[in-house]
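Student: Counting from 12, one number per residue, gives the positions in the sequence shown under the working numbering.
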Amino acid sequence: MRRNSFLLSFGLAAVLALGPVPAALAQADGPPPAPVTVIEARPTDYTVTARLPGRIKASTISEVRPQVAGIIRERLFEEGTVIEAGQPLYQIESDTYAASVSAAQAAVAQAQANYDLAIREADRAEELFASKAGSAQRLDSAVAAREAADAALKLAKAQLQSAEIDLDRTTIRAAISGVVGFSQVSTGALVAAQQPNALTTIRALDPVHVDVTQSANDLLRWQQTQHGAQPEDRQATLILPTGEIYPLRGELRAAEPQVEPTTGMITLRISFPNPDHLLLPGLYVEVILPQAEEKDVYLVPQSAVMRDTQGTPHAWVVENDTVAVRSLEVLTSDGSNWVVKSGLQPGDRIITSGFQKTGPGAPVTIVPGQQPAAAPEAAATDAAA
12 MRRNSFLLSF
22 GLAAVLALGP
32 VPAALAQADG
42 PPPAPVTVIE
52 ARPTDYTVTA
62 RLPGRIKAST
72 ISEVRPQVAG
82 IIRERLFEEG
92 TVIEAGQPLY
102 QIESDTYAAS
112 VSAAQAAVAQ
122 AQANYDLAIR
132 EADRAEELFA
142 SKAGSAQRLD
152 SAVAAREAAD
162 AALKLAKAQL
172 QSAEIDLDRT
182 TIRAAISGVV
192 GFSQVSTGAL
202 VAAQQPNALT
212 TIRALDPVHV
222 DVTQSANDLL
232 RWQQTQHGAQ
242 PEDRQATLIL
252 PTGEIYPLRG
262 ELRAAEPQVE
272 PTTGMITLRI
282 SFPNPDHLLL
292 PGLYVEVILP
302 QAEEKDVYLV
312 PQSAVMRDTQ
322 GTPHAWVVEN
332 DTVAVRSLEV
342 LTSDGSNWVV
352 KSGLQPGDRI
362 ITSGFQKTGP
372 GAPVTIVPGQ
382 QPAAAPEAAA
392 TDAAA
């Protein structure tokens, strides 16, 4: 028994003589730091945008209708082609209207002759009255006859002008330049003046408009950030149904001067140049419209952002070789990234891979690696980590 006590005392003395156990040896049995890859947080300026759906509309539409009645004698255009303002489209039979012009011309000639005679009669009556050889009554009658003849001549000329206008209207011309559609009538059809059904329709396709609806609050925020901005900073981008970006930029031209009280939305009209007539009325498109200019935000891969059970987004960063948690304020998404407004500092090392083998407060070691591809969903979750 004494021998065992002696050995125990000797062992304790030897341990105390060696001093405290090094920390490295104490952790030798624990797991090594987990390897992770990171990206450095770098602030940047960012334009927040909204993607708004809409449909292409012609900038101007002209429904062609006859202004005189008659039978269509000839169609003078090719359907689906570009036409110019003033170009003839249809020819209505004009014989009746030409005859009316001839009759009106004859009436003008007759009225002119009567007026010339009335002038001579009035001049003669004035001379006789001046020489006291004629009465005042005769002078008054001659002057009244001259004025009546003058009025009759003006009426005849107006009727001639009206007949000439009707004759000219037998040739139906384009009111605007644009692309003409299909003809709704054929040669030989009887048409009426100001009929409800259009003969054809002309659409001006350069430029075209896209009408979209947006929150009035978002529009006000965007307008407040545009004071002093260059025109190119106020332009919109159009996304085609194929997903491709239309090469020409558009501009916000007008806003409906009222807000829909039940929804708080306002209608915007955006104009896009369309020289090749690629954009056709009725085509469903999306418009990317600037909303606000944000300073010093961060673009963080969506795969590096997680959410807790309350849905609050956060990211893991490497701080003093351990994992620290940063709560984030996310503005919007941009491709495979989240746009983060607050929660990060310049130079923060954001963990992009290696979540499965570590956690908050755990030691990690940074290894070289490329930024991983974005997760297919908007953000990762704590459960996935």
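Ideal placement from N, C-alpha and C gives every residue a C-beta, glycine not left out.
Owing to the predicted nature of the structure, the values given are computational and were not obtained by experimental measurement.
By Cβ distance below 7 angstroms, which residues in the same chain neighbour Q116 in space, the five residues on each side in sequence not counted?
Tutor: Here the set comprises L171.
Student: Taking its Cβ as the centre, do 16 or more other Cβ atoms sit within 10 Å of S338, making it buried, or is it exposed?
Tutor: exposed
Student: To which residues of the same chain is E51 closer than 7 angstroms at the C-beta, ignoring the five residues directly before and after it?
Tutor: G358 and R360
Student: Going by C-alpha to C-alpha distance, which of L290, T211, W327 and G275 sits closest to L231?
Tutor: G275
Student: Count Cβ pairs between the segment 209-222 and the segment 69-86 that sit closer than 8 angstroms; are there 3 or more?
Tutor: Yes, they touch.
Student: Tell me the rounded alpha-carbon separation between I183 and V75.
Tutor: 8 angstroms
Student: Exposed or buried, P286, counting other C-beta atoms within 10 Å across all chains shown (16 or more means buried)?
Tutor: exposed
Student: Is F88 near the ligand MN, with its Cβ less than 8 angstroms from a heavy atom?
Tutor: Absent from the structure shown: the ligand MN. Ligands present: none.
Student: Are the Cβ atoms of G199 and T212 separated by less than 9 angstroms?
Tutor: no
Student: What's the C-alpha gap between L355 and L251?
Tutor: 36 angstroms
Student: When the cut-off is 9 angstroms and only beta carbons count, does S173 lie next to chain D?
Tutor: No chain D appears in this structure, which consists of one protein chain only.
Student: In whole angstroms, what is the alpha-carbon distance linking P272 and S226?
Tutor: 11 angstroms
Student: Pick out the complete beta strand (DSSP E) segments inside the segment 148-208, 3 residues or longer, and give them in chain order.
Tutor: 182-184 and 189-191
Student: Quick check on A266: does DSSP put it in helix, strand or coil?
Tutor: strand
Student: Can the beta-carbon of A174 be found closer than 9 angstroms to that of V154?
Tutor: no
Student: Give every residue of the same chain whose Cβ lies closer than 6 angstroms to the Cβ of Y108, excluding the five residues on either side of it in the sequence, and list them in chain order.
Tutor: D177, L178 and T181
Student: Measuring straight from C-alpha to C-alpha, what distance separates P64 and Q78?
Tutor: 39 angstroms
Student: Among E85, I187 and A159, whose alpha-carbon lies nearest the alpha-carbon of V93?
Tutor: I187
Student: For the segment 96-107 and the segment 318-326, state whether three or more C-beta atom pairs, one from each stretch, are separated by less than 8 angstroms.
Tutor: no
Student: Out of R149, K143 and A122, state which residue places its alpha-carbon closest to the alpha-carbon of E132.
Tutor: R149
Student: My guess is that I83 and V196 are in contact by the Cβ rule of under 8 angstroms, so how many angstroms apart are they, rounded?
Tutor: 6 angstroms
Student: When DSSP labels each residue in this structure, what does K306 get in the three-state scheme?
Tutor: strand
Student: When the Cα atoms are used, what is the spatial distance from A303 to T253?
Tutor: 27 angstroms
Student: So, are the CB atoms of R264 and Q246 less than 9 angstroms apart?
Tutor: Between R264 and Q246, the C-beta spacing is not below 9 angstroms.
Student: Is the distance from the Cβ of P423 to the Cβ of K368 below 9 angstroms?
Tutor: The requested residue 423 does not occur in the structure, where the chain is confined to residues 12 to 396.
Student: Buried or exposed: where does Y295 fall if 16 or more other Cβ atoms within 10 Å of its Cβ makes it buried?
Tutor: exposed
Student: Helix, strand or coil for T248? Go by DSSP, reduced to three states.
Tutor: In this structure, DSSP gives T248 an extended state, which the three-state scheme calls strand.
Student: When we look at the beta-carbon of Q313 and count the other beta-carbons within 10 Å, is it buried (16 or more) or exposed?
Tutor: Burial call: buried.
Student: Would you mind sorting L128 into buried or exposed? The rule is 16 or more other CB atoms within 10 Å of its CB.
Tutor: Exposed, by the Cβ-count rule.
Student: If you measure between the beta carbons of A110 and V202, is that distance less than 9 angstroms?
Tutor: no
Student: Based on Cα-Cα distance, which residue from E158, V351 and G370 lies nearest to R53?
Tutor: V351
Student: State the DSSP-derived secondary structure class of Y57, mapped to helix, strand or coil.
Tutor: strand
Student: Rounded to a whole number of angstroms, what is the C-alpha to C-alpha distance between Y373 and P43?
Tutor: Residue identity differs from the one stated: residue 373 is Ala in this sequence, not Tyr. Rounded to whole angstroms, A373 and P43 show a C-alpha spacing of 10 angstroms.
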